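What follows is a set of notes on a single structure, which appears directly below.
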Amino acid sequence: MTIQGVASGMDKQMQSVEETSAAVDSMSERIEQISGRAQSVSAIAAEASRQAAEGGQTIEAGVAQMNKVNDTVERLADLIKGLGHRSEQIGSIIEAIRSIAAQTNLLALNAAIEAARAGEHGRGFAVVADEVRKLAEQSAQSAQQIAELIAAIQEETVHAVQSMESVVNEVTAGTDVIRASGEMFARIRAAVDEVAAQIRDVSTAVSDIVSSSEQMVRSVRLVADVAESTSAGAQEVSAATEEQLASMEEISASAASLSKMADDLQAIVNKFSL
């Protein structure tokens, strides 16, 4: 291969190196863009994880509050049930009062009959018996009113207990829903954390690739510089070689001319010798 061929090959090699350098630069820019996007996604994932954690904490607080409400409602239900039992006991006492009033009324009636039989001597006793009868009737009426009130209270107590039980059921259902939401937030946070970890790994890998590509760019540029220097040197060698060839051609021509002149002189010398 001639020096010119070497120089031409070096020019082509240098062109290829420059194209490779441009391609590597473009790849490096794209990788840096990917790295920036990966970092942005990582930041978004971290924010999502934080919000999921806050949501989970809010859910836990809601569950705790619902549990407190549930406990309070259950205590109220127990108190209302106790009130119902007390009302039943009062009802039993009212029944006893009714019975006593009826018996007292009967005794007063019997006393009035006996006082009437006694005539004038039993008149004062008859007055007392009549007052006792009136008190017995009033006691019976009061007992009846109390019994009606107790019955109304018991009925309202039953409704209140039923309402409380319904509230307890609703609170329990709400607590279950909130707890399920909390579990869902926990799963979301776990998934986001896993994605964030993978994104961090990708970001780290991309950063390594960026570093490697930068090193590659430097190496390619160094090769390009060396190739450029080599090409320039080859061109100089080619030019010097061409100059040497021209000088050698001139020397060869001069040598041929001198050889001819020597031949001519030899011929002349030969003539004189004869």
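All you need for my numbering is the position in the sequence shown, starting with 1, plus 2. Beta carbons are placed, not taken as given, at the ideal position from N, Cα and C, and that holds for glycine. Bear in mind the structure is a predicted one, so any value in this text is a computation, not a measurement.
query: Residue burial classification, Arg-191 (beta-carbon count within 10 angstroms, cutoff 16); result: buried
query: Residue from Ser-28, Ile-95 and Ala-50 with nearest C-alpha to Ile-152; result: Ile-95
query: Pair within 9 Å by beta-carbon distance, Val-130 and Ala-113; result: yes
query: Assigned exposure category for Ser-256 - 16 Cβ within 10 Å defines buried; result: exposed
query: Between the CA atoms of Glu-90 and Val-170 - distance to the nearest angstrom; result: 24 Å
query: Residues of its chain near Arg-135, where Cβ-Cβ distance is below 6 Å and the 5 sequence neighbours each way are ignored; result: Asn-107 and Ala-110
query: Reference Ala-198; option with closest CA among Gln-17, Ser-37, Ala-66 and Ala-45; result: Ala-45
query: Neighbour flag for Gly-126 against chain C, beta carbons, 9 Å; result: Here there is only one protein chain, and chain C is not present.
query: Met-166 beta carbon less than 9 Å from that of Ile-115; result: no
query: Beta-carbon spacing of Gln-140, Arg-100 below 9 Å; result: no
query: Candidates Phe-187, Ala-264 and Val-173: closest to Lys-70 by CA position; result: Val-173
query: Identity of the residue in Thr-159, Ala-55, Asp-178 and Gln-35 nearest Ala-193 by Cα; result: Ala-55
query: Whole-angstrom distance between Ala-40 and Asp-80, CA atom to CA atom; result: 59 Å
query: Cβ pair Gly-93, Gln-156 closer than 9 Å; result: yes
query: Cβ-based burial, Met-3 [other Cβ within 10 Å; buried from 16]; result: Residue placement at Met-3 is flagged as unreliable, the pLDDT there being 49, under the threshold of 50; a coordinate-derived value is accordingly withheld.
query: Of the residues Asn-72, Val-160, Glu-62 and Gln-143, the one placed nearest Arg-88, counting alpha carbons only; result: Val-160
query: Alpha helix (DSSP H) segments (min. 4 residues) lying fully within the segment 35-111; result: none
query: Selection from Glu-21, Ala-138, Glu-97 and Ile-211 that minimises the alpha carbon distance to Glu-150; result: Glu-97
query: Distance CB(Gly-184)-CB(Glu-49) smaller than 9 Å; result: no
query: Euclidean distance between Cα positions of Ala-144 and Ala-154; result: Correcting the residue identity first, residue 144 is Ser in this sequence and not Ala. Their Cα atoms are separated by approximately 15 Å.
query: Residue environment, Ser-28, which counts as buried when at least 16 other CB atoms sit within 10 Å; result: exposed
query: Ile-33 versus Glu-251, Lys-262 and Ser-214, residue with shortest Cα-Cα distance; result: Ser-214
query: Proximal residues to Glu-76 (C-beta, below 7 Å), its chain only, five neighbours per side dropped; result: Val-170
query: Spatial distance of Ala-142 from Leu-78 (CA atoms); result: 34 Å
query: Ala-47 versus Asp-195 - alpha carbon distance; result: 7 Å
query: Beta-carbon separation (whole angstroms), Ser-37 vs Ser-209, contact threshold 8 Å; result: 6 Å
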